[in-house]
Each structure stands twice: as C-alpha cells, then as structure tokens.
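A.B. asks: Residue numbers (our numbering), protein chains in the order written: chain A, 1 to 522; chain B, 1001 to 1408. Once you've had a glance at the structure underneath, I'll fire off some questions.
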Amino acid sequence: MSKQNIKLVKNAAGRLVPLEINGEKQIPFMGVGKYIPTGRRYGPPLSSCANFPDDGNKLVADLKEALVKSGLKDGMTISTHHHFRNGDLIANQIFDIAHDLGVKDLRWFPSASFPCQAHLTQYLEDGTINRIEGSMNGALGKFASEGKMKGIGVLRSHGGRYQAVQDGEVHIDIAVIAAPTADAFGNANGVNGPAASGLLGFALADSQFADKVIVVTDNLVPFPCIPWQIHGNYVDYTVKVDKVGDADKIVSGTTNITKSPDRLLIAELTAKFCEASKIIFDGFSYQAGAGGTSLSIGLYFEEILRRNNWKARFIRAGSNKYPVKMLEDGIVDYILDGQTFDLEGVRSMRENANHVDTSPFTSYNYHGKGNFASMIDVVVLGATEVDVNFNANVVTHSDGYLLHGIGGWQNCLFGKTVILPIPLFRDRIPIIVDEVTTLCGPGELIDVIVTERGVAVNPLRKDLIEKAEKAGFPLKTIQELKDEAEKICGVAEKPELDDEVIAVIKWVDGTVIDSVRKVKTR
Amino acid sequence: MAEVNQMVVVGNRGKKVRSDCYVELQLTNDGGVAIELKSKVEVMFGKANRKLIRDIFDFFEINNAKVYVEEGGALPLVIAARVEAAIKLLLKSDKDYLLDMIDENKNQTDRSDHRISRLYLPGNKPSMMINAGIHQPNGIILDLEDAVAHDKKYETRFLVRNVLRGMNFYGAERMLRINQIPMGLDDLDFVVPHFVNLILIPKCESANQIQQVNERIDAIKKEKNIDYQIWLMPIVESALGVIKAYEIASASDNVVAMAIGLEDYTADLGTKRTDEGIESFYARSQVVNACRAARIQPIDSVFSDVSDMEALARNVQVSKSLGFDGMGCIHPRQIPVIHQNFAPSEAEILKAKRIVDAFIKATEKGLGVVSLGTKMIDPPVVKRAENTLNMAISLEMVPSNWHDTFEA
Chain A
1 MSKQNIKLVK
11 NAAGRLVPLE
21 INGEKQIPFM
31 GVGKYIPTGR
41 RYGPPLSSCA
51 NFPDDGNKLV
61 ADLKEALVKS
71 GLKDGMTIST
81 HHHFRNGDLI
91 ANQIFDIAHD
101 LGVKDLRWFP
111 SASFPCQAHL
121 TQYLEDGTIN
131 RIEGSMNGAL
141 GKFASEGKMK
151 GIGVLRSHGG
161 RYQAVQDGEV
171 HIDIAVIAAP
181 TADAFGNANG
191 VNGPAASGLL
201 GFALADSQFA
211 DKVIVVTDNL
221 VPFPCIPWQI
231 HGNYVDYTVK
241 VDKVGDADKI
251 VSGTTNITKS
261 PDRLLIAELT
271 AKFCEASKII
281 FDGFSYQAGA
291 GGTSLSIGLY
301 FEEILRRNNW
311 KARFIRAGSN
321 KYPVKMLEDG
331 IVDYILDGQT
341 FDLEGVRSMR
351 ENANHVDTSP
361 FTSYNYHGKG
371 NFASMIDVVV
381 LGATEVDVNF
391 NANVVTHSDG
401 YLLHGIGGWQ
411 NCLFGKTVIL
421 PIPLFRDRIP
431 IIVDEVTTLC
441 GPGELIDVIV
451 TERGVAVNPL
461 RKDLIEKAEK
471 AGFPLKTIQE
481 LKDEAEKICG
491 VAEKPELDDE
501 VIAVIKWVDG
511 TVIDSVRKVK
521 TR
Chain B
1001 MAEVNQMVVV
1011 GNRGKKVRSD
1021 CYVELQLTND
1031 GGVAIELKSK
1041 VEVMFGKANR
1051 KLIRDIFDFF
1061 EINNAKVYVE
1071 EGGALPLVIA
1081 ARVEAAIKLL
1091 LKSDKDYLLD
1101 MIDENKNQTD
1111 RSDHRISRLY
1121 LPGNKPSMMI
1131 NAGIHQPNGI
1141 ILDLEDAVAH
1151 DKKYETRFLV
1161 RNVLRGMNFY
1171 GAERMLRINQ
1181 IPMGLDDLDF
1191 VVPHFVNLIL
1201 IPKCESANQI
1211 QQVNERIDAI
1221 KKEKNIDYQI
1231 WLMPIVESAL
1241 GVIKAYEIAS
1251 ASDNVVAMAI
1261 GLEDYTADLG
1271 TKRTDEGIES
1281 FYARSQVVNA
1291 CRAARIQPID
1301 SVFSDVSDME
1311 ALARNVQVSK
1321 SLGFDGMGCI
1331 HPRQIPVIHQ
1341 NFAPSEAEIL
1351 KAKRIVDAFI
1361 KATEKGLGVV
1371 SLGTKMIDPP
1381 VVKRAENTLN
1391 MAISLEMVPS
1401 NWHDTFEA
C-alpha cells in the first residue's frame, strides 16, 4: 500500500489516524484508560546453555561478526539506546556495517535518536533503513517530515516502547546494547568505565525480549561485572571496542540552571503556585527534568522544603548535581532515576543505595500491574504547543516539522498534578494555540500551564482552582493567555501540511493518538 | 528628495540576535517595490510581514525600491520601525508610520510614585524589551544614550517611539534616557508625542540644561496639542554635576527625582569604583541632601555585577541607609533584590500604620490637627507614612485592607 492512499479514521480524540501502517494493523486511540489488552505477553525464543560456552566467554572479534552471527538480514528490526545521548558511537557503526553487507529495509528501533546520528540519513535515502520507530530530531526529523522516509515512522514514549516490545507489537531481531562496562558473559552496567553514563534502563525490554542480544563495551572487566544492570543471561554475544561513547557529549548540555530571567520567573511562578495550592507538602514527590527551567524549579522546591523543614520522599529524575545534593543533604529520601545527566549523577548512583536506577518497566509501562508515574505528586514537563483545551504537543513545532521525541512525557502525564511551565511565545511563535499541530497528550491529563504572563488551571481541576484562589494566587484562563499572546505577536498562520502521513504517535497503551503529516516544502 | 541607488542598512542580524529585524534598502527608478524577506517564522507570519512592509512603502508613496528584510521573530512594531528608519535615511518626509497606540500605554504617572527600581533597556535591542515589564520594575528606561552605538542612534529613535506606543510594560513607568544635551533635544521629538512618562537627562551639570529640555518639551506639546505631564529625572555623573546638585534638583517643578551615575563620576574624579563605595560617599550624600532639600526622590546608581546578588543586597542596604529612595538596575533579576532591600522594616511599617491610623481617625472626627500620643504630626509625616505603607503594599508585605483589622 502506498503511503498516499492510506485509510484514515477518526479516533476518540477526533484525530485522523491510519488503521494500518507498514503492513501492521493499528488500533485508534479510544480514550485514556479505555483500551484494555487481552492475551499474554510476547515470549522470546527459548535458549539453552548447551549452545553457549561454559566459561561464559561470549566475546566475538568485532561488531560485524556479532551482527552476522546474529543473522542480520533484510527487513530486520535493530534496536539501540540513547544512554550515551549525543555521544553515541555505536548506532552509526551498526548501519555502516549493514550497508557494507548490502542489507536493506531495516527497521531502526532506537529508544531515542540524537543529532550525532544524522549520519544515518544516507541509509534512509539508499534503503538500508526503511524507517525509524523512535524519536526523530534534527536532520532525521527534517528528512522524515519532508516525506522522504520509505516507511512510516512510529513515535512512542519510553513506557510505550517497553509496552510495544512486551506486547509483541514490535519484535526486535537484534538488540545492540552499548555499555560503559561489561564482562565477557554480557553482564553490563552504566556506572563504571571511561564512558560511564549512569544506567542502562532503556535497554531492559530489549534484553528480555529480543531474539538476539549483543553487548558492546570499551571497558571489559573479568566476570562478574557488578552491578549487573543488564543480565548476561539474556546476552548472545559480547564485543570489545576501543571506544563505546564520546564521554564529553554524554553529559548533556542542559545541566545548568537557566540564566534567562524570563525562564527563572516562570520557574519561580511555578514553585509559588505549587506552594499556594498546597501540592507541596512534607513527604511529597516530584518529577523534574533536566532542562534549565525544570532545574530551577527544583531549586525553588528545595528552598520551600528547607524553609518549612520538610523532606521530599522521592524525586523522579533525570538526575544531576542538584537533586544529588538534595539527596546528600537529606532533603529527599530517594532519587528514582531514569537517566543521569552529569557525572555527579553517575557518581551518586554508583555510591548511594538511595539513588536508584529505574527502567521504563518500573516507572512507565502502562501494560503492567501499575507503574510509579501515577504516584508522583507534582510532575513538571515541557511542550512545544498547548491548545485551549490543554491538549499538548511535544514532537512537532508550529511549522509542522518533527523536532523532539516523546521521552517519558506521555507516561508522566499520569502524575497527580501535571504542570507545563512554558513561555507564552518564543520569538513571536505562540505556544498556546486553538488546536495542536500534533496531539501527544490529552488535555484531561494536563492540569496547569505556567507562563511568564500568568497561570491557567484546567477547569477540570476545581480543587486546584479553589486552593489557589483561597491563597490569593491570581489565575487566568487559558483563553486569556492565548489572547494576550496574540495581542503581542499577532495571529499565526497554520503550516500547510500535506495529507500524506509520515509518522504516527502512539499513546501509552499502543493505540494511535495522532498522525504526523508531511510538510509542504517550497 | 530621494536618493536613488544608494543603499542603506538598518537594524541587527546575526546568530545571537533575536526578535530583531535587519533591512537593506535601495530606492530605484523602475521595477516596482521588490521585497525579499528572509524570516525564521515564515510559515506563521510570512504573509503578515510582507503585507506590513508593502503597506509602509505605500504609505510613503514609494513606487520603486529594492528591499531586503531579514528577521527572526521580530514583532510588527520592530519591523515597522526598521523599515521606516531605512526609508527616512533616503527620503525626507514629514509623515510618520504609526501603528496603533495600546490603551495600556496611555496612563500618566504621579510625582510621588515609587521609583525604587528602574530597569535599563538598551534602546536598540528589542529582545530585551518584550518581557521587561513582567519582572515588575517600577520603571523601565529605554536608553538612547550609552547603550546605543553612534551609528545606530538614528534608527533607535524609531524603535523606541514604536515601543512606547505598542509594547506593554504592565504598569511600569515608561522612562526614556535621551542623549546628552544638545543631541538629546532632538530625541525628544520622537518620544514626547507618544506618552513617555519621564525623561532622564544624562550628564546633567546645570539648571540651564533642564530648561532647554523643558522648552523643547513645551514646544512639542504645544504643536501636537498634548496635555499630559512629562516628568524629568536628571542624572549627575560628574564632579561639577555633584557640586551643582541642588541647582539641578530645584531647576523645575517637573523634576521629580535625581539620580547619580557612579561609573562616569568616578572616572571624572580619576578614581575607581569599589564595592564599598568610599570614593563616592560624598557625592551620594550630596545628591541625597540636594534631593531632600528640593523635595524630590534621590535615586542611586546601578550595581553592575549582575551575577552577585549578595553584593547587590549589601549595596542596596547602604543605599537605603544613605537616604536613597531607589536604584537603577541592568538585569531583571536585580529587581526583587532591590525591592526587598529597600523595603520598609517591620518597625517602620508599624510606625507608619500608627501615623496613618491617627490621621484617619482625626479626619473622621473632623479634627484639623493629627496627633499620636502627645506628639503633633505634620502633613509631610503623614504623607511619608502613607508612602511607606504603599511601598509595603506593593511589595505584598501588607494587605491593602490592613486598616480594617488594625488596632492601635
């Protein structure tokens, strides 16, 4: 079926989505919590110790041999992970090898892609890679948005990625896990070694469910590699390389608090709102990302905790030096960490038993017996657009281009109070719109929008509105905020988008919440 | 008379330039008005921007020109200012291309309004202006003087004029620092007709300079039929200015405050500015005395280390103890520090409450004389107490309805 004449139906959110993509049936979004899966989890093929060396040495000569022995061939699904963020060196090598071997039509299934992987654009062009199912940023996002990718992209949240693998929705043929430290048996961790990046949680599903699992490291230690965040018992082959990741680029650039006075104001306003509406209290928990504004909010939260002589029970993080200091100062009992963003975070995770490495399974998987995202009291997230019904977009910009992944964003929407601190406009580009370009999160799960020009609370949260008003905290409606932005910036025109669907956005339960359209290029 | 085929350039562009607009313009003899627009927000505002640019050329009745506009999310008032400045570099015209005046910028300010914080904004940098008001300074200063390079002075006048008309500063007093006299007098033509609240006169050294400014303001007001009040705040920045402080402070009824500029003053003295400020003690004290004698507000110099909030706080405390009523700032994050440290103490607030309470009760009883205990209270004392409370209310230290529950 060609991409142009895909059949679309309207889902429960009113968005047009395909019933089938890349030859696979899709279920349209049915509403939050409405789709209940049946059946059993996917099971990988059985293995036998008889086929593996008794001495535990699974080393092969190089990555190419590992891929060939894993049976690399046309149409396979190859997974990689973003533990090294923009310092990843392995994903590019995998597809260089595939290209050299003349393999075609691969599905790349990364937990996220980064600008360092723009190198792979050529393989999307020449057919080595059929499509990406994962985030598409920078050059890859542009390539996909302009309709040049052969297959249709699929964007999933971190939790949705675990769910898709566990449910058998995505069958991984070969998982390549790049690890800062490993032993020849395949036990691996992220806390030690020259390219230490913290943890390997994004690779958990892949290790458990892929047909073949390859561990690649530059820091090979004698058995046992402790801690074993990845169990060698799942691993088929191990590979030693000179350099697994570029350490300088692993530490993300977003680990300092913002210096922008406007963003600091938004952070301060967010903290004031939380205090006024009493959603911060002794023993509360929060999630704050690693962006400059989020980090500043963390500092304001810390100040509130200290002033009241309170403690947080746990911080859900992307950690770095700031939450680590809070942990060490006893302002918080635990950090439940999904990824570490600086070396302080890595050190803390290595040394402190209360700095816990988590995976999308424990934190985010929606097809489990609960997950802890819904237990977090205050969740602070970003967005590229929010509409007047509090629906939000995190993947495309107002010009229609794919620019960000979903990350844990959708999963965190299940927190008790979800706050989006965002500037009302960026360089004249409005953030609050009538209708989001791409729907990633339904408005019913988004509670508060904090901008530099005021705070709007979702009318569904009568409790929060009441508390804020009682505390004399001024609120605006989201429509008032939108009108204010338009008075300053003018009314923005919508991008002209083609009918052609170039990617779909999955909801946390594997249903399709929206489609991403091809951008019309001039 | 139009200059044909000469090219002019106005505005700013570059990797780090945001919310601004760059224009290259050449008037031609034929070919119509050819507009080339390079925009970061083409998808969203390309059509609107082209329409605006074309409208400006129509307004000035220009039929043939080549114009290149490069912009990165500039607001319409910025684009309009840049294009108009370019046109007027080539074409003499008495007409002004004015966008709508927003209602929020039509308010007048009062002599006794607080001027604790005034945020300096470089007059040719739109990106710093857009969100200036949300940080709630008492005043914003659009600076035409030190913050603007010489070759940018002309185009900046169009920008600040449009900003005065169209940018919402959320209640901050709209101040403008003109260039030194006499150049600064020409700046007035661009701003007086557009609801500027207060003019800062830099490097002021005589009452005569105040007079010159007032004469020009009065002439413009008369010509344009304007009746709103425009206040003056001279800045003394030299040894001579400090010596003449009282003469300047008392030069005219519309002088409401006088500031000291320590960077230039210390240079004039041949010394260096220190955090402790011993070298400027005399000058600061002199300015405070001159202002108090002339019954106007003494305003302290800016503190230039924007990263050291603790040093700023100490600086403000000294400033307050010397008798200053406010201070300039060059970064929005300085505003809350300045407010908090100029804020009245609990004891000052309580005393002020007692005085105002006594005044209210005396008025209720129809008494002409206010007394607190056995002490008579003069009207200026009541006024000062009211000012203290107003400041405390504006800093959210005291509820506005405090008197309902006050027990003397």
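Quick reminder that beta carbons are idealized off the backbone N, C-alpha and C, glycines included.
Taking 8 Å as the limit between beta carbons, can you name the residues of its chain near G490 of chain A, skipping five residues before and five after?
C.D. replies: Answer for G490 of chain A: R428, listed in chain order.
A.B. asks: To the nearest angstrom, how far is it from the Cα of M1 of chain A to the Cα of V17 of chain A?
C.D. replies: The predicted model places M1 of chain A with a pLDDT of 43, which falls under 50 and marks its position as unreliable; any figure quoted below should be read in that light. For M1 of chain A and V17 of chain A, the distance between alpha carbons rounds to 16 Å.
A.B. asks: Please compile the residues from chain A whose C-beta is within a distance smaller than 7 Å of the C-beta of G1073 of chain B.
C.D. replies: Within 7 Å Cβ-Cβ: D427, R428 and I429.
A.B. asks: Which ranges does the beta strand (DSSP E) cover as unbroken runs of at least 3 residues, wholly within the region 1161-1198 of chain B, from first to last along the chain?
C.D. replies: Runs found: 1173-1177.
A.B. asks: Mind checking whether the beta-carbon of G1139 of chain B lies closer than 7 Å to any heavy atom of the ligand NAD?
C.D. replies: As far as ligands go, the structure on display features none, and thus does not contain the ligand NAD.
A.B. asks: Would DSSP call P115 of chain A helix, strand or coil?
C.D. replies: P115 of chain A: helix per DSSP, three-state reduction.
A.B. asks: Just to make sure I have the definition right: I need the residues of chain A whose C-beta is within less than 7 Å of the C-beta of R1018 of chain B. Which are they?
C.D. replies: Simply D427.
A.B. asks: Does the Cβ-Cβ distance between R1118 of chain B and C1329 of chain B come in under 8 Å?
C.D. replies: Taking 8 Å as the Cβ cut-off, R1118 of chain B and C1329 of chain B qualify as a contacting pair.
A.B. asks: Helix, strand or coil: how does DSSP classify V191 of chain A here?
C.D. replies: In the structure shown, V191 of chain A sits in coil (DSSP, three-state: anything other than H, G, I, E or B).
A.B. asks: Give, in chain order, every residue of the region 1125-1143 of chain B whose Cβ lies closer than 8 Å to some Cβ of chain A.
C.D. replies: From the region 1125-1143 of chain B, only I1130, N1131, I1134 and H1135 have a Cβ closer than 8 Å to chain A.
A.B. asks: Please tell me whether R453 of chain A has its Cβ less than 8 Å away from any Cβ of chain B.
C.D. replies: R453 of chain A counts as touching chain B.
A.B. asks: Is it the case that the region 277-290 of chain A contacts the region 301-318 of chain A, given that we only count it when at least three CB pairs across the two stretches are under 8 Å?
C.D. replies: The region 301-318 of chain A is in contact with the region 277-290 of chain A.
A.B. asks: What residue from B:I1220, B:P1234 and B:N1214 has the CA that sits closest to L1200 of chain B's CA?
C.D. replies: Checking every option, the nearest Cα to that of L1200 of chain B belongs to B:P1234.
A.B. asks: Start and end of the beta strand (DSSP E) containing Q1297 of chain B?
C.D. replies: Looking at the DSSP string, the run of the beta strand (DSSP E) that includes Q1297 of chain B is Q1297 to D1300.
A.B. asks: With the cut-off set at 8 Å, would you say V165 of chain A and K506 of chain A are in Cβ contact?
C.D. replies: It is not a contact, given that the beta carbons lie outside the stated cut-off.
A.B. asks: Mind listing the chain A neighbours of H1331 of chain B? Cutoff is C-beta to C-beta under 9 Å, in chain order.
C.D. replies: Going along chain A in sequence order, the residues near H1331 of chain B (Cβ under 9 Å) are P261.
A.B. asks: Which of the three DSSP states is assigned to T80 of chain A in this structure?
C.D. replies: Strand at T80 of chain A.
A.B. asks: Please list, in chain order, all residues of the same chain as S113 of chain A whose beta carbon is under 7 Å from its beta carbon, the five residues on each side excluded.
C.D. replies: If we look at S113 of chain A and ignore the five residues flanking it on each side, its Cβ neighbours are I132, G134, S135, M136, N137 and L140.
A.B. asks: So is D499 of chain A in contact with chain B if we call contact Cβ pairs under 8 Å?
C.D. replies: Chain B contact via Cβ: absent.
A.B. asks: Among the residues of its own chain, which have a CB less than 8 Å from the CB of A118 of chain A, if the five just before and after it don't count?
C.D. replies: Taken in chain order, the residues that qualify are G138, A139 and L140.
A.B. asks: On the DSSP bridge list, what partners appear for S285 of chain A?
C.D. replies: Partner(s): A:F314.
A.B. asks: Could one say the Cβ of P115 of chain A lies closer than 8 Å to chain B's Cβ atoms, at least one of them?
C.D. replies: Not one chain B Cβ lies under 8 Å of P115 of chain A.
A.B. asks: According to the neighbour-count rule (16 or more other Cβ atoms, all chains shown, within 10 Å of its Cβ), is R40 of chain A buried or exposed?
C.D. replies: R40 of chain A comes out exposed.
A.B. asks: Where does V501 of chain A land, buried or exposed, given buried means 16+ other C-beta within 10 angstroms?
C.D. replies: Classification for V501 of chain A: buried.
A.B. asks: Check the Cβ of D342 of chain A against every Cβ in chain B and list those closer than 9 Å, keeping chain order.
C.D. replies: Result: empty, since nearest Cβ-Cβ is about 21 Å, beyond 9 Å.
A.B. asks: Can you confirm whether the region 355-370 of chain A touches the region 321-341 of chain A when touching is taken to mean that 3 or more C-beta pairs between the two stretches lie within less than 8 Å?
C.D. replies: Result yes; three or more Cβ-Cβ pairs closer than 8 Å.
A.B. asks: Determine the closest residue to I78 of chain A out of A:V103, A:K462 and A:N57, with distance taken between C-alpha atoms.
C.D. replies: Nearest option by C-alpha distance: A:V103.
A.B. asks: Quick one: is P1076 of chain B near chain E, going by C-beta distance under 8 Å?
C.D. replies: Of the protein chains in the structure, A and B, none is chain E.
A.B. asks: Extract the residue ranges of the beta strand (DSSP E) inside the region 118-156 of chain A, only unbroken runs of 3 or more that lie entirely within it.
C.D. replies: The qualifying runs are 129-132 and 153-155.
A.B. asks: Taking C-alpha atoms, which residue in A:A13, A:L89 and A:G345 lies nearest to A317 of chain A?
C.D. replies: The shortest C-alpha separation from A317 of chain A is found at A:G345.
A.B. asks: Here's the rule: buried if 16 or more other CB atoms are within 10 angstroms of the residue's CB, otherwise exposed. What is Y1228 of chain B?
C.D. replies: Classification of Y1228 of chain B: exposed, given that the 10 Å Cβ count is below 16.
A.B. asks: In the region 1039-1069 of chain B, which residues sit with their C-beta less than 7 Å from some C-beta in chain A, listed in chain order?
C.D. replies: Per Cβ criterion, the list reads K1040, V1041, V1043, M1044, F1045, K1047 and A1048.
A.B. asks: Thinking C-alpha only, which one of A:Q163, A:A195 and A:C274 is nearest R347 of chain A?
C.D. replies: Comparing Cα-Cα distances from R347 of chain A to each of A:Q163, A:A195 and A:C274, the minimum goes to A:A195.
A.B. asks: Are the C-beta atoms of D399 of chain A and some chain B residue less than 8 Å apart?
C.D. replies: D399 of chain A counts as touching chain B.
A.B. asks: Near E1104 of chain B, which residues of its chain fall below 6 Å by C-beta distance, leaving aside the five closest residues on each side in sequence?
C.D. replies: N1168.
A.B. asks: Classify W409 of chain A as helix, strand or coil using the three-state DSSP reduction.
C.D. replies: Helix, per DSSP.
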